[in-house]
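Working notes for the structure below.
Residue numbers (this note's numbering), protein chains in the order written: chain X, 2 to 285; chain Z, 2 to 285.
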C-alpha cells in the first residue's frame with residue numbers, strides 16, 4: 002500500500018463526486034487524471050487545477066500508469082466500461098467506485114474482471130442537490146459516512162486500502178458492510194425516504210399550500226426535488242430491498258392510520274413514545 | 002381598534018407560545034397579565050419581566066380589565082375554561098387563541114360564548130421542539146405564518162383586529178382561511194408528516210442504522226421526536242381531515258410501489274418530474 006502516499010490516480014466519470022475526489026486527492030499530492038466523455042467537464046477541471054491530465058476517451062497510456070482507478074459512473078455505464086476497457090488497466094491496479102447500490106453491480110464486476118486487478122466496492126454517502134464537476138467541493142465528505150463493501154472475492158489488503166482511502170478523503174466515519182446489508186440500509190435510509198417525499202408531492206396538487214409551509218415540511222420534502230434519470234435507475238437496481246422497506250413502512254403507516262380511525266389513544270401514544278425513544282439514537 | 006396601541010392583554014396558559022406572545026406584547030408597551038395553573042411558570046415570567054402581573058387562577062379583577070384575552074391552552078381545557086370563567090370577561094373583550102386545530106373548537110366556543118364578547122380564532126404556525134415559558138422567545142414568529150380563521154359569526158372589525166395582532170407579533174405572513182380549509186392544510190402539511198416520521202421510526206428497529214444516517218434522513222425524522230400527549234390529542238381533534246390526507250398519501254405511495262414492482266421506468270420518472278416541479282413552489 003505504498004502508493005497511498007505516492008501514486009497515480011485515475012477518475013472515470015468527472016461529476017460532483019468524481020470532481021470532489023479529484024480535488025482532495027490532488028491536494029494530498031497524488032497525480033490525478035480523469036476520463037469523462039463530456040469535454041466541458043474535462044476543460045473546467047483542467048482550468049481550475051482540479052486534475053493533472055484529462056481525457057474524453059479511455060486513454061491507454063494514462064490508464065496503464067494508474068495505480069488506482071475510481072469509477073464514478075452510473076452502474077450500467079460502469080459495467081460496459083469494464084467490458085470494453087479493462088484490457089488497458091495496469092496489472093495490480095486497485096479499482097473502487099462510488100455507486101449507491103451494491104448487490105446488483107459488485108458481484109457482476111468482480112466476475113467479469115481480469116484476475117490481475119482487484120475491485121473493492123465503496124459508497125461515499127454524501128451528495129448535494131446540484132450536479133457536475135462545477136459543484137464539486139473539497140469539503141463534501143466532512144461529517145459524512147464512507148462504507149466499504151467487500152465480498153469474499155476481496156483480499157484483506159484491498160479492503161484495508163479502501164478504508165484508508167475513505168480516511169484520507171476526509172470522511173467522518175469509515176465502516177464496512179456486506180453488499181446485502183448495504184442495500185437494505187440504503188433502501189431504508191435513503192430510497193424509502195425519497196419515495197415518501199415524492200409521494201407527498203404527487204398525492205395532491207398542494208402548490209397553494211406553499212404559503213403556509215413551515216420548516217418541518219420543507220425539511221421533509223427537500224429530497225422531493227429529484228434527478229429522475231439517476232434515481233429511477235437506483236430504485237430499479239435495488240428493487241427487492243427497496244420493495245421490502247416500502248412494504249414494512251406501508252404496513253406500519255396503515256396500522257397508525259387504523260389506530261387513529263379507532264381512536265385508540267393509548268396505542269397511538271405508545272407508538273409516539275417508541276418513535277421518540279428511537280429517534281434519540283439518531284441525534285447528533 | 003384603539004386599544005391595539007394601548008390596552009390590557011391577558012394571556013391564559015403561559016407556555017412556549019403564551020410566553021412568546023407576552024414577551025413581544027410587553028415590549029410593545031401593552032400591560033400583559035397571565036394566568037397559568039403552574040405557579041413556577043408565573044414566578045419565572047415575573048422574575049424575567051415577561052409579564053406585568055400573574056395569577057394561578059382566573060382572577061376576576063384582572064380579567065375584568067382585559068381588553069383582549071389570548072388563550073394558549075389545549076382545546077379541551079380551553080372549552081372548559083370558557084364554560085367556567087366567561088362571566089368574568091370584560092364586556093366587549095376580544096378573545097383569540099393559538100390552537101393548532103380549528104373546526105372542532107371554534108364553532109363550539111362561539112356557540113357557548115356570551116354575546117357581548119367575541120372570539121376570533123387564529124393559528125400562529127410556529128413552535129420549537131422544547132416547551133414551557135422558559136423557552137419562549139421574542140423572535141419565535143419571524144419567518145412564520147399567522148392564520149386568522151374566521152367564521153360567519155365574526156365581525157369584520159374583529160377579523161381586522163386579529164390580522165393586526167399577527168402583524169405586530171412580527172409574523173412574516175398573515176393570511177385568512179376557513180376552519181375547514183385550515184384543518185385540511187394542517188392535516189397535510191403538519192399532521193401527515195408527523196405520522197410519516199413516526200412510522201419510519203416504528204416500522205423496524207433501525208437503531209443500528211444511526212451510524213450510517215445522512216442529513217436527509219435526519220431532517221425527515223426530526224419531527225419523529227414527538228410530545229405524545231399533545232399530538233395524540235391534536236390528531237384526534239382533526240381526525241377526519243387527517244384520515245383523508247393519510248388515505249391520499251397511502252394510495253399514492255402504493256401506486257409508486259406498484260410502478261417499481263412493475264419496473265415501469267417511464268411512469269416512475271414521470272412521478273419524479275412532477276414531484277420536482279411541485280417542490281419548486283416550496284423553495285424559499
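Note that the Cβ used here is the ideal one computed from N, Cα and C, for glycine as well.
Just so it is clear, the structure is predicted and the values come from calculations on it, not from any experiment.
In whole angstroms, what is the alpha-carbon distance linking residue 233(X) and residue 8(Z)? Spanning the two alpha carbons is a distance of roughly 60 angstroms.
Return the bridge partner residues of residue 55(X) from the DSSP annotation. Under DSSP, residue 55(X) forms a beta bridge with 35(X).
Report all residues from its chain with a CB closer than 7 angstroms to the CB of residue 195(Z); omit the five preceding and five following residues, and keep chain order. Answer for residue 195(Z): 224, 227, 232, listed in chain order.
Is the CB-CB distance between residue 105(Z) and residue 235(Z) below 7 angstroms? Contact flag unset, no.
Residue 227(X) bridges to which residues according to DSSP? DSSP output for residue 227(X) lists no bridge partner at all.
Residue 266(X) versus chain Z: which residues are under 7 angstroms apart at the beta carbon? For residue 266(X), the C-beta contacts it makes with chain Z under 7 angstroms involve 233, 237, in order along the chain.
Are the CB atoms of residue 15(X) and residue 204(Z) within a distance shorter than 7 angstroms? For residue 204(Z) and residue 15(X), no; Cβs fall outside 7 angstroms.
Against chain B: residues of the stretch 206 to 228 of chain X by CB proximity under 7 angstroms: In the structure shown, chain B does not exist; the protein chains are X and Z.
Quick check: is the beta carbon of residue 199(Z) nearer than 7 angstroms to any beta carbon in chain X? Answer yes: the Cβ-Cβ gap between residue 199(Z) and chain X drops below 7 angstroms somewhere.
Quick one: complete alpha helix (DSSP H) runs, 4+ long, within the stretch 120 to 175 of chain Z? Within the stretch 120 to 175 of chain Z, the runs of alpha helix (DSSP H) at least 4 residues long that lie entirely inside it are, in chain order, 157 to 169.
Residue 214(Z) in three-state terms, based on DSSP: Three-state result, residue 214(Z): coil.
Could you say which of 141(X), 86(X), 222(X) lies nearest to residue 19(X) if we only look at CA atoms? In terms of Cα proximity to residue 19(X), the closest of 141(X), 86(X), 222(X) is 141(X).
Mind checking whether the beta-carbon of residue 270(Z) lies closer than 6 angstroms to any heavy atom of the ligand FMN? Looking at this structure, you won't find the ligand FMN or any other ligand, since it has none at all.
Helix, strand or coil, according to DSSP, for residue 70(X) in the structure here? Three-state result, residue 70(X): strand.
Within-7 angstroms CB hit, residue 274(Z) to chain X: Taking Cβ atoms only, chain X reaches closer than 7 angstroms to residue 274(Z), which makes this a yes.
Could you give the DSSP three-state label for residue 178(X): helix, strand or coil? For residue 178(X), the secondary structure class from DSSP, reduced to helix, strand or coil, is coil.
Would a C-beta distance cut-off of 7 angstroms place residue 278(Z) and residue 222(X) closer than the cut-off? The Cβ-Cβ distance between residue 278(Z) and residue 222(X) does not fall below 7 angstroms.
Counting only Cβ-Cβ distances shorter than 7 angstroms, please list the residues of the stretch 166 to 180 of chain Z near chain X, keeping chain order. Here the close residues are 174, 176.
Any chain Z beta carbon closer than 7 angstroms to residue 186(X): Taking Cβ atoms only, chain Z reaches closer than 7 angstroms to residue 186(X), which makes this a yes.
Is it true that the CB of residue 36(X) sits closer than 7 angstroms to the CB of residue 56(X)? Contact flag set, yes.
Can you check DSSP and say which residues form a bridge with residue 18(X)? In DSSP, residue 18(X) forms no bridge with anything.
Rounded C-alpha distance that separates residue 51(Z) from residue 128(Z): When rounded, the separation of the alpha-carbon atoms in residue 51(Z) and residue 128(Z) is 18 angstroms.
Three Cβ pairs or more, each shorter than 8 angstroms: is that satisfied between the stretch 93 to 113 of chain Z and the stretch 259 to 271 of chain X? Cβ pair count under 8 angstroms is below three, so no.
In terms of DSSP beta bridges, what is residue 97(X) paired with? Residue pairing by DSSP puts residue 97(X) in a beta bridge opposite 71(X).
Rounded to whole angstroms, what's the CA-CA distance from residue 255(X) to residue 251(Z)? Just pull it up for me. One C-alpha to the other measures close to 8 angstroms.
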